[in-house]
Structure formats: structure tokens, C-alpha cells
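Asker: Sharing a structure here in C-alpha cells format.
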Amino acid sequence: MTRVFDDRRCTLGEGPLWHPERQQMFWFDILNRQLLSREGDTPLVWQFDEYVSAAGWVNRSELMIASQSKLFLFNLDTGASEKLCDLEADNPVTRSNDGRADPKGGFWIGTMGINAEKGAGAIYRFQHGQLHKLFGDITISNAICFAPDGETAYFADTETQVIQKVALDDAGWPTGSPEPFVDLSAENLNPDGAVVDADGCLWNAQWGASRVARYTPDGRFVDAVSLPGKQATCPAFGGSDLTSLFSTTAADGLSGEEEGRTYVAEVGAKGQNEHRVAL
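According to our numbering, the sequence shown holds residues 2 to 280 in order.
Written out as C-alpha cells, the structure is:
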């Protein structure tokens with residue numbers, strides 16, 4: 002059964018991350034430029050001066066955060082920031098969107114137009130201090146996640162309604178061209194963020210459909226978790242045994258109290274630990 006994890010209404014909730022060392026959930030409200038969390042019953046918030054959207058964990062105290070113009074280290078205990086590299090800093094049209102660390106410690110981050118300008122975005126990989134562009138001509142970057150064996154990456158351009166997959170080499174870099182994993186166009190479903198569980202099944206938040214849908218490693222639909230919020234944005238596994246599925250939603254353009262909240266459900270599947278970012 003799905004329940005409310007946090008009742009704050011995010012205009013655009015995104016980027017949930019379960020920190021394995023802190024045993025704590027973090028997520029973003031992109032349009033309000035905030036990082037959110039909880040410690041028990043206490044809500045936490047950190048305010049930034051530009052859009053922030055995704056993070057990976059570096060150690061107990063530090064997250065690597067993707068913002069509108071850069072990747073930076075953020076110390077959760079002191080609030081101190083340290084810039085790591087620019088991220089389309091010379092392009093005022095774009096901002097960061099979906100991102101996640103891969104099994105080799107690389108951090109994949111997608112960009113998109115602030116107003117979803119067609120083809121304005123791209124997907125990059127950051128590792129050992131270097132940022133490399135992987136794929137371009139993307140309108141809304143989403144669904145970045147990885148198979149447990151580290152041999153496959155997934156991503157989507159929401160506008161195309163197709164989740165792609167691409168093979169990875171031993172260092173975590175793409176080999177060959179992406180190919181369709183799940184085509185949702187016939188159902189008119191819009192793939193947003195995604196996560197892969199320990200069995201290799203992909204769980205995809207579907208914008209406008211009030212659900213997170215589960216697909217087998219060969220792309221077959223299994224079932225879906227219903228959410229009270231219509232605009233599901235991104236799932237993440239968490240909890241002490243990684244069997245809780247968290248999901249952010251977006252209240253943007255909607256008025257219901259259930260919109261924009263962050264939800265959690267027990268789903269009978271176990272997630273992967275989020276991978277540490279290798280700086």
C-alpha cells in the first residue's frame with residue numbers, strides 16, 4: 002500500500018536518493034531550487050540559488066549535486082559547497098534534470114531546456130574529475146539507471162515515449178548505439194525517472210499516469226504501483242532492507258493536496274544500494 006512519506010508539496014519533485022551510510026532519503030524540488038530530506042519526523046531543507054535536480058553520494062557527509070550550471074560537492078553537515086566542473090554553464094537555455102551514479106562510480110546526468118526546448122538537452126558522464134558528453138539532441142532527459150551487473154545503462158527522452166538501453170564496457174562507458182528497451186508510445190505513456198532493482202527489473206515513473214511501472218530485464222510489463230499524485234517523476238529504493246519504493250511527484254499545474262508529495266510503498270522487491278560517486 003502506498004502512503005505519504007513527506008507531505009510537502011514539491012512543484013517539481015525529482016532525484017530521490019537513499020544514502021546507504023546515513024540511511025536517509027534525499028530529494029529535490031527543482032523549480033524551488035531546494036534539496037529536501039527528513040530525520041525521523043523532522044523535515045529538512047537546503048536552499049540554493051539555481052535549479053538543483055539530482056545527486057550521488059560521495060561519503061557520509063558529502064553529496065555531489067547537479068545544478069543548472071555545474072556539478073558541485075555539498076557538505077550536508079556544514080552547508081559548504083565546492084565546484085567540481087561546469088555543466089552547460091555557457092548555455093542559459095538548459096538546466097540539469099535526471100541523474101544517477103553507475104556501478105563503476107561514474108555519475109550520469111541529463112540536461113534539458115528550462116522550457117523543454119526541443120533537442121536542447123544531452124546526457125553526460127562524470128568520473129575522476131572529467132565530464133564527457135555521451136548523447137545529444139535530447140528534449141527531456143530521464144530514466145537514467147543501471148543493471149546490477151553493470152553491463153547495461155537505461156535512459157529516456159520523455160518526448161519520444163521510449164526507454165532506451167545501451168551496453169557498457171568494463172569501465173562503464175557506452176559501447177555501440179542505444180536501442181529501444183520499452184516503447185510506451187502505443188499506450189501514450191511518458192517515461193520519467195527510473196531505477197533498477199536487484200533482480201534487474203526496471204521501475205519507471207510515468208508522468209501523468211499516477212504510477213510507477215515495473216518491467217522485466219527483457220522489457221515485459223509486470224505490474225505497477227499506483228500513486229495518489231498524478232505526475233510521478235522518479236522512484237528510488239530505500240529503507241534498511243531496500244524494499245521500500247519511494248517516489249517523488251510534481252504539483253506543477255495541479256491543485257490537489259496529493260500532488261507534489263513524496264510517497265513510499267512496500268513492493269515485495271529489493272533494490273540495489275546506490276553506488277558511490279568516484280571523484
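We put the CB at the ideal spot given by N, CA and C, even for glycine.
From this set, P179, S62, A187, T263, which residue's C-alpha is nearest P21's C-alpha?
Answerer: S62
Asker: Assign E51 to one of two classes, buried (16 or more other C-beta atoms within 10 Å of its C-beta) or exposed (fewer than that).
Answerer: exposed
Asker: Alpha carbons only, please: which of R277, G261, H276 is nearest the one belonging to R10?
Answerer: G261
Asker: What is the DSSP secondary structure of E83, counted as helix, strand or coil?
Answerer: In the structure shown, the three-state DSSP call for E83 is strand.
Asker: Restricting to Cα atoms, I'd like to know which of T217, D219, G230 is closest to Q207.
Answerer: The shortest C-alpha separation from Q207 is found at G230.
Asker: So if DSSP puts I141 in a beta bridge, which residue, or which two residues, is it bridged to?
Answerer: M113
Asker: Which residues in the same chain have their Cβ closer than 6 Å to the Cβ of E15, if we skip the five residues on either side of it in sequence?
Answerer: F29, I31, S54, T234, C235, T249
Asker: Could you have a look at E275 and say whether DSSP puts it in helix, strand or coil?
Answerer: coil
Asker: With a threshold of 16 other CB atoms inside 10 Å of the CB of G239, please say whether the residue is buried or exposed.
Answerer: buried
Asker: Mind reading off the beta-carbon distance from S142 to T112? Whole number of angstroms is fine, and I expect it under 8 Å.
Answerer: 6 Å
Asker: When you compare only the Cα positions, how much space is there between R221 and V183?
Answerer: 8 Å
Asker: Where does S68 fall in DSSP's three states?
Answerer: strand
Asker: Within 10 angstroms of its Cβ, does Q24 collect 16 or more other Cβ (buried), or is it exposed?
Answerer: Under a 10 Å Cβ-count criterion, Q24 is classified as exposed, with fewer than 16 other Cβ atoms of the shown protein chains found around its own Cβ.
Asker: From the DSSP output, read off the bridge partner residues of P236.
Answerer: S248
Asker: What would DSSP say about S97, mapped onto helix, strand or coil?
Answerer: strand
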